[in-house]
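Residue numbers (the UniProt record's numbering), protein chains in the order written: chain A, 1 to 197; chain B, 1 to 197; chain C, 1 to 197; chain D, 1 to 197.
Below is one structure, written out as structure tokens; comments come after it.
4 protein chains.
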Amino acid sequence: MRKQGVIGKESRLRLLEAATQEFALNGFYQAKISSIVARAGVTQPAFYLYFESKEAAFAELIDGFRNGLIQVVRDSHIEAGKNRDDLKEAVVESLGQIYRYLGENPALTRIGLYQSAESVRIKAEIAGLMEQNLIAEQQAGYYRHDLDTVFFAEALLAIVERLTLIKLLPGHETPSKLARITQDLFFYGILDTKHRE
Amino acid sequence: MRKQGVIGKESRLRLLEAATQEFALNGFYQAKISSIVARAGVTQPAFYLYFESKEAAFAELIDGFRNGLIQVVRDSHIEAGKNRDDLKEAVVESLGQIYRYLGENPALTRIGLYQSAESVRIKAEIAGLMEQNLIAEQQAGYYRHDLDTVFFAEALLAIVERLTLIKLLPGHETPSKLARITQDLFFYGILDTKHRE
Amino acid sequence: MRKQGVIGKESRLRLLEAATQEFALNGFYQAKISSIVARAGVTQPAFYLYFESKEAAFAELIDGFRNGLIQVVRDSHIEAGKNRDDLKEAVVESLGQIYRYLGENPALTRIGLYQSAESVRIKAEIAGLMEQNLIAEQQAGYYRHDLDTVFFAEALLAIVERLTLIKLLPGHETPSKLARITQDLFFYGILDTKHRE
Amino acid sequence: MRKQGVIGKESRLRLLEAATQEFALNGFYQAKISSIVARAGVTQPAFYLYFESKEAAFAELIDGFRNGLIQVVRDSHIEAGKNRDDLKEAVVESLGQIYRYLGENPALTRIGLYQSAESVRIKAEIAGLMEQNLIAEQQAGYYRHDLDTVFFAEALLAIVERLTLIKLLPGHETPSKLARITQDLFFYGILDTKHRE
DNA sequence: AATGAATGAGAGTTCATTCAT
DNA sequence: GATGAATGAACTCTCATTCAT
């Protein structure tokens with residue numbers, strides 16, 4: 001794996017893209033190098049020109065996804081000092097960016113959120129980051145003070161994860177719509193207001 | 001696979017239990033027949049005395065789990081005519097039974113909810129059942145009428161799924177506690193009441 | 001690698017014998033499992049029924065050879081109290097047993113003395129054992145006191161090793177003849193007696 | 001492989017040196033072209049600019065070593081007409097030159113004496129040359145007339161070979177010391193003189 | 001009811017070598 | 001004079017499954 005020119009870079013990219021598809025479709029263990037290289041239009045040894053092993057290629061994909069997602073989640077923090085309507089819009093915007101990131105990388109999302117042992121760790125990490133945001137936002141007075149932020153964060157992640165899987169990735173809903181729905185559910189709860197009184 | 005006497009039944013059960021553990025631990029593809037029979041204390045051909053194939057054994061486990069879960073979710077329907085406090089308790093009780101079922105079958109739950117291609121179908125089915133309950137309960141006047149029951153059901157399932165994975169199965173929380181937390185989040189939402197006004 | 005009946009034991013032996021031939025002929029790295037199993041008349045996976053890996057099979061052969069040789073060399077120690085003629089016969093007998101062991105296991109000898117990284121270690125070990133014998137024999141007054149036993153042992157091993165390779169294994173000489181030649185060379189040196197004076 | 005200028009010559013030399021090290025360390029089959037070119041700081045195809053194949057490069061090294069060694073052994077012939085002390089010194093000097101040649105080319109020696117199928121042929125050749133010398137020396141009256149020169153030559157080579165491997169190449173002994181030890185062993189044999197009578 | 005023995009099919013990986021530039 | 005890129009051919013090892021007993 002020495003210096004690469006432009007052709008090598010291209011081959012590497014083709015392999016990476018092929019690997020993404022194959023891993024997303026079949027998961028790590030069922031994914032076959034032979035399928036990957038077939039998709040990429042090269043022979044098997046070419047794969048090892050650019051990646052140390054099946055594991056290494058997978059790790060590279062996972063890492064890219066993880067880093068991107070971490071960035072997006074970090075950036076989704078909402079600052080203090082907003083009024084109620086602005087808060088709502090900000091939350092929708094933040095969730096929208098997360099859904100957008102996932103929607104724009106459907107295969108990677110499949111790998112990173114659903115197809116690997118690492119996905120468990122990644123989701124734990126993301127839940128942690130989300131909780132940090134939520135804590136700050138709670139202190140900003142946006143959320144109930146009796147709210148357990150750990151569970152809140154896990155619940156938020158859970159919903160994002162599931163709606164992504166069944167609505168976003170198949171293309172049934174847009175990121176914005178999902179963001180609005182998620183925000184609505186969390187903001188107002190489910191109780192009928194008349195019944196509530 | 002002819003009719004079996006009592007000894008055969010025992011071996012079959014031991015194999016089934018061993019398979020449950022192995023599948024839960026490693027997933028379908030990584031599970032090895034050799035590990036299963038080692039756990040069960042029999043030889044490899046014995047496995048094929050009781051099961052047609054790896055797939056068949058897996059399907060049998062999945063089916064048992066699925067049927068049990070469907071039953072529990074069906075039974076978790078809440079009748080009309082309750083006042084607010086009774087509703088709350090009824091919801092907690094219903095969720096509690098679901099969490100209890102999952103918590104009592106940890107290995108099967110791992111297989112049925114997280115370890116297989118079937119889990120996607122199972123969860124879709126469960127979400128559907130949950131939605132039916134929710135629709136009836138919404139019509140009973142318990143929930144907001146503008147609530148989209150599809151998303152509500154998916155969100156509910158998502159949270160149950162995730163809290164089960166990270167809190168229930170590792171033994172960090174009891175089913176009752178999780179039921180209460182889930183109910184609280186959904187009933188009241190997250191907004192600070194002072195901020196709310 | 002579970003319990004084996006008589007058929008299994010036979011297959012194992014056939015594989016072991018085939019492996020011996022193949023390793024002797026080609027050395028560890030050039031030896032192919034496919035050749036071994038072909039010789040043994042089984043399929044490739046059968047090899048792994050009886051051996052953990054190529055390495056493990058090789059190690060088993062090496063170990064057997066090494067242990068046998070160590071035994072023979074240990075037993076070749078000559079007790080004190082012999083007169084000159086008896087000593088000579090005893091030495092010839094001892095060397096004869098070593099040559100005989102090597103000659104009776106030609107393939108193993110090839111592996112253990114010439115075909116592996118282990119052969120270096122084995123020979124070092126054998127040289128050490130030989131030296132222990134020589135030290136005792138030197139103290140019994142059989143050999144010159146100014147003789148460096150380390151070098152003597154190494155030289156003895158060297159000659160045995162080489163004569164085995166070029167005379168014994170190809171069948172050009174018998175163990176007894178080689179034993180006598182080796183003894184003669186060492187006992188009397190090379191100098192012409194007339195010239196010696 | 002056309003004619004080369006000065007730059008090409010340099011690369012070729014670097015490759016040859018790198019190949020020597022690699023072959024000495026790992027033997028022919030385990031040596032990798034990729035390692036050789038890495039050591040030499042060139043790319044893989046460059047190797048084939050200067051050598052037809054792995055085999056060809058190896059053969060070139062072997063040939064160099066073989067020719068050098070043949071020369072040294074030829075030159076180590078001792079003329080007739082020496083008295084006993086001069087003979088001793090001449091033998092020590094001759095052996096010293098052989099050990100010196102081997103010690104000065106440690107990597108090549110590893111390849112030529114221990115690491116190849118060719119080493120068998122080379123040693124046979126060397127033994128032959130040594131025997132020719134010994135025959136002449138025997139006829140000069142230096143050695144016993146009942147001495148079998150074939151075995152004597154093989155034994156001599158065996159000892160040189162082994163002491164080189166375990167004492168010279170690791171740097172534990174100098175060529176001169178080894179020459180003296182070798183000569184001593186052969187000249188006087190091992191018997192205790194008192195016991196001898 | 002169970003087992004010892006065996007296998008077909010296929011996986012990931014390695015390496016000497018070559019071609020176009 | 002040298003290189004980036006690629007490959008054919010091989011090899012070790014794994015696993016679900018079956019057959020004869």
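By construction, the Cβ of each residue, glycine as well, lies at the ideal position given by its N, Cα and C atoms.
Note that this is a predicted model, so its numbers are computed, not measured.
**Asked** With a cut-off of 9 Å, does the C-beta of residue 167/D fall near any C-beta of chain C?
**Response** Yes, its Cβ sits closer than 9 Å to a Cβ of chain C.
**Request:** Under 8 Å between beta-carbons, which chain D residues line up against residue 115/C? List them in chain order, please.
**Result:** Among the residues of chain D, none has a CB under 8 Å from the CB of residue 115/C; the nearest is roughly 11 Å distant.
**Interface flag, residue 29/B vs chain A, CB-CB below 9 Å** = By this cut-off, residue 29/B is an interface position.
**Item:** Under the three-state DSSP convention, the category residue 169/D falls into
**Value:** Here residue 169/D sits in coil by DSSP.
**Prompt:** Expressed to the nearest angstrom, what Euclidean distance is found between the alpha-carbon atoms of residue 194/B and residue 143/A?
**Reply:** Note that residue 194/B has pLDDT 47, beneath the 50 cutoff, so the model's placement of it is unreliable and the number below is only indicative. Distance between the alpha carbons of residue 194/B and residue 143/A is about 9 Å.
**Item:** Cut-off 7 Å between Cβ atoms - residues of its own chain near residue 23/C, not counting five sequence neighbours on either side
**Value:** Counting only Cβ-Cβ distances below 7 Å, and skipping sequence neighbours, we find 31, 58, 61, 111, 115.
**Request:** Could I get the ranges of all uninterrupted beta strand (DSSP E) runs contained in the region 34-77 of chain A, with 3 residues as the minimum, in chain order?
**Result:** None, since the region 34-77 of chain A contains no complete beta strand (DSSP E) of that length.
**Request:** Could you confirm whether any beta carbon from chain A is found closer than 9 Å to the beta carbon of residue 202/B?
**Result:** Outside the modelled stretch of chain B, which goes from 1 to 197, sits residue 202/B, for which no answer is possible.
**Prompt:** Roughly how many angstroms separate the alpha carbons of residue 199/D and residue 165/C, rounded to a whole number?
**Reply:** Chain D is shown from 1 up to 197; residue 199/D falls before or after that span and cannot be answered.
**Prompt:** From this set, 29/B, 38/B, 25/B, which residue's C-alpha is nearest residue 11/B's C-alpha?
**Reply:** Residue 11/B has its Cα closest to that of 38/B, out of 29/B, 38/B, 25/B.
**Request:** Compare the Cα-Cα distances from residue 90/B to each of 100/B, 98/B, 78/B, 101/B and report the closest residue.
**Result:** Looking at 100/B, 98/B, 78/B, 101/B, the one whose alpha-carbon comes closest to that of residue 90/B is 78/B.
**Request:** Label residue 53/D either buried or exposed according to how many other C-beta atoms from any shown protein chain fall within 10 Å of its C-beta, with 16 as the threshold for buried.
**Result:** It is exposed - the Cβ of residue 53/D has fewer than 16 other Cβ atoms within 10 Å.
**Request:** For residue 7/A, count neighbouring Cβ atoms within 10 angstroms of its own Cβ and tell me buried if that reaches 16, exposed if not.
**Result:** Classified as exposed, residue 7/A has fewer than 16 neighbouring CB atoms from the shown chains inside 10 Å of its CB.
**Message:** Under 9 Å, Cβ to Cβ, is there at least one residue of chain D near residue 109/C?
**Reply:** Not closer than 9 Å to any Cβ of chain D, the Cβ of residue 109/C fails to qualify, so no.
**Request:** Going by DSSP, name the residue or residues bridged to residue 191/B.
**Result:** Residue 191/B is bridged to 143/A.
**Prompt:** What does residue 158/C touch in chain D if you count any residue whose Cβ is under 7 Å from its own?
**Reply:** At a C-beta separation below 7 Å, residue 158/C has these neighbours in chain D: 158, 159, 161, 162.
**Request:** Helix, strand or coil for residue 83/B, going by three-state DSSP, please let me know.
**Result:** Of the three classes helix, strand and coil, the one that applies to residue 83/B here is coil, per DSSP.
**Item:** Host alpha helix (DSSP H) of residue 12/C (start-end)
**Value:** Looking at the DSSP string, the run of the alpha helix (DSSP H) that includes residue 12/C is 6-30.
**Request:** Would you verify that the beta carbon of residue 95/B is, or is not, closer than 9 Å to some beta carbon of chain A?
**Result:** No, because no Cβ of chain A sits closer than 9 Å to the Cβ of residue 95/B.
**Prompt:** What number of angstroms, rounded off, separates the C-alpha of residue 185/C from the C-alpha of residue 95/C?
**Reply:** Taking the straight line from one Cα to the other gives about 13 Å.
**Prompt:** Hey, is residue 120/B's beta-carbon within less than 9 Å of any beta-carbon in chain A?
**Reply:** With its beta carbon less than 9 Å from one in chain A, residue 120/B belongs to the interface.
**Asked** Would DSSP call residue 148/A helix, strand or coil?
**Response** Taken through DSSP and simplified to helix, strand or coil, residue 148/A comes out as coil.
**Prompt:** Between the beta-carbon of residue 121/B and the beta-carbon of residue 161/A, is there less than 9 Å?
**Reply:** No, these two residues do not count as a Cβ contact at 9 Å.
**Proximal residues of chain D, C-beta to C-beta of residue 154/C below 7 Å** = Correct list: 162, 163, 166.
**Asked** Hey, how far is the Cα of residue 9/B from the Cα of residue 48/B?
**Response** One C-alpha to the other measures close to 14 Å.
**Asked** Under 9 Å between C-beta atoms, does residue 98/B make it to chain A?
**Response** No, because no Cβ of chain A sits closer than 9 Å to the Cβ of residue 98/B.
**Prompt:** What is the DSSP secondary structure of residue 226/B, counted as helix, strand or coil?
**Reply:** Residue numbering for chain B in the displayed model covers 1 to 197; residue 226/B lies beyond these limits and cannot be assessed.
**Request:** Could you name the residues of the same chain whose beta carbon sits closer than 7 Å to that of residue 28/B, not counting the 5 residues immediately before and after it, in chain order?
**Result:** Contacts found: 58, 115, 116.
**Same chain, Cβ closer than 6 Å to residue 182/C, neighbours up to 5 away in sequence not counted** = If we look at residue 182/C and ignore the five residues flanking it on each side, its Cβ neighbours are 95, 159.
**Message:** Among the candidates 173/B, 44/B, 191/B, whose CA atom is the shortest distance from the CA of residue 100/B?
**Reply:** When the alpha-carbon of residue 100/B is set against those of 173/B, 44/B, 191/B, the nearest one is in 173/B.
**Asked** Under a Cβ-count criterion, where at least 16 other Cβ atoms within 10 Å of its own Cβ denotes burial, should residue 133/D be classed as buried or exposed?
**Response** So residue 133/D ends up on the buried side.
**Message:** Our contact map puts residue 180/A next to residue 92/A with C-beta atoms below 8 Å; I'd like the distance itself, whole angstroms only.
**Reply:** A Cβ-Cβ separation of about 5 Å places residue 180/A in contact with residue 92/A under the 8 Å criterion.
**Message:** I'd like the span of the alpha helix (DSSP H) that includes residue 109/B, first residue to last.
**Reply:** Residues 106-109.
**Message:** Using a Cβ-Cβ cutoff of less than 6 Å, which residues in the same chain neighbour residue 1/A once the five nearest sequence positions on both sides are dropped?
**Reply:** Low confidence applies to residue 1/A: its pLDDT is 46, below 50, so where it sits in the model is not reliable, and the reading given next is rough at best. Around residue 1/A: no qualifying Cβ.
**Prompt:** Buried or exposed: which applies to residue 175/A, given that a residue is buried once 16 or more other Cβ atoms fall within 10 Å of its Cβ?
**Reply:** Around the CB of residue 175/A, 16 or more other CB atoms lie within 10 Å, so the residue is classed as buried.
**Message:** Measuring straight from C-alpha to C-alpha, what distance separates residue 118/D and residue 109/D?
**Reply:** The straight-line gap from Cα to Cα measures roughly 12 Å.
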